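Asks: Numbering (this note's numbering), first residue to last: -9 to 176.
Sending over a structure as structure tokens; questions will come in a sec.
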Amino acid sequence: MYDIIVVGAGPAGASAALIAAKAGKSTLMLDNDTSITKKAWVKNHYGVKEITGPELVETGIEQAKRFGTETARAKVDNVEAIDGGVRVSADSGVYEAAQVILATGVAPAVAEASGIAVKEGTEPKIKKIVDAGRDGRTTMPGVWAAGTCAGVSVHTIVTAGHGAEVAINVVSAMNGERYVDHDVLS
């Protein structure tokens, strides 16, 4: 059983996985390679002059892996609360974790199919989003939502930040105290 499974490897998912793994949590990131970010040309991302969407996604995945995140190509169909955690069913197998972060971009289908509450979208052209609290908690114990599927702006910098924020909330909940991690130049 993993500590945390992240569903999605776009900006929100990769940011969440990076934070979780860097915090010492065993982390698996499942992705079906359909991120809308892969269609983007990003010129408005703080700290980056410009980058293609595919480059941004690949960089995020590489960063998460550098801290120990395991990755797998998978189309997730369902998540369900089980005793002591969450079961994730995908075309590539069944996985279990103490906590799951859904970072499925514009597609809340996994949440909806799993019985997690969804609501009307908040962004143009986004019809439905996961009904998650500001901290990312959904209506299913142990399942959190981050990024566009949780109702934040589709802009990559916003979704990336929200993925990190939700991961910090998950790690904090698991640790029983607020998780803080600041790197400093040596």
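Beta carbons are placed, not taken as given, at the ideal position from N, Cα and C, and that holds for glycine.
All values reported here derive from a predicted model rather than from experimental measurement.
#1: How about the segment 155 to 170 and the segment 38 to 51: do they share at least three Cβ pairs that are nearer than 8 angstroms?
#2: With 16 other CB atoms within 10 Å as the buried threshold, where does residue 154 fall?
#3: For residue 156 versus residue 64, is the C-beta distance shorter than 8 angstroms?
#4: Should residue 132 and residue 71 be called a contact, given that it needs their Cβ atoms to be closer than 8 angstroms?
#5: Give the secondary structure of residue -6 by DSSP, where H, G and I count as helix, E and B as strand, and everything else as coil.
#6: Please name the residue or residues paired with residue 123 in a DSSP beta bridge.
#7: Between 17, 82 and 95, which lies nearest to residue 148 when the distance is taken from Cα to Cα?
#8: In the segment 18 to 78, which residue ranges form an unbroken alpha helix (DSSP H) of at least 4 residues, counting only runs that do not cross its ends?
#9: Contact defined as beta carbons within less than 8 angstroms: I believe residue 126 pairs with residue 118. What is the distance between those atoms, to the nearest angstrom?
#10: Is it the case that the CB of residue 172 approaches a heavy atom of the ligand SAM more closely than 7 angstroms?
#11: Across which residues does DSSP place residue 117 in a beta bridge pair?
Replies: Concretely, from the data shown:
#1: By the Cβ test, the segment 155 to 170 is not in contact with the segment 38 to 51, since fewer than three Cβ pairs between them sit closer than 8 angstroms.
#2: Per the 10 Å Cβ criterion, buried.
#3: Residue 64 is positioned such that its CB atom lies no closer than 8 angstroms to that of residue 156.
#4: Cβ atoms of residue 132 and residue 71: closer than 8 angstroms.
#5: In the structure shown, residue -6 falls within a strand segment according to DSSP collapsed to helix, strand and coil.
#6: For residue 123, which the question treats as bridged, DSSP gives no partner whatsoever.
#7: Ranking the options by Cα distance to residue 148, first place goes to 95.
#8: If we require 4 residues or more, the alpha helix (DSSP H) runs fully inside the segment 18 to 78 come out as 43 to 56.
#9: That belief does not hold up - the Cβ atoms of residue 126 and residue 118 are roughly 17 angstroms apart, past 8 angstroms.
#10: In the structure shown, the ligand SAM is absent, as is every other ligand, since no ligand is present at all.
#11: BP columns for residue 117 are empty, so no partner.
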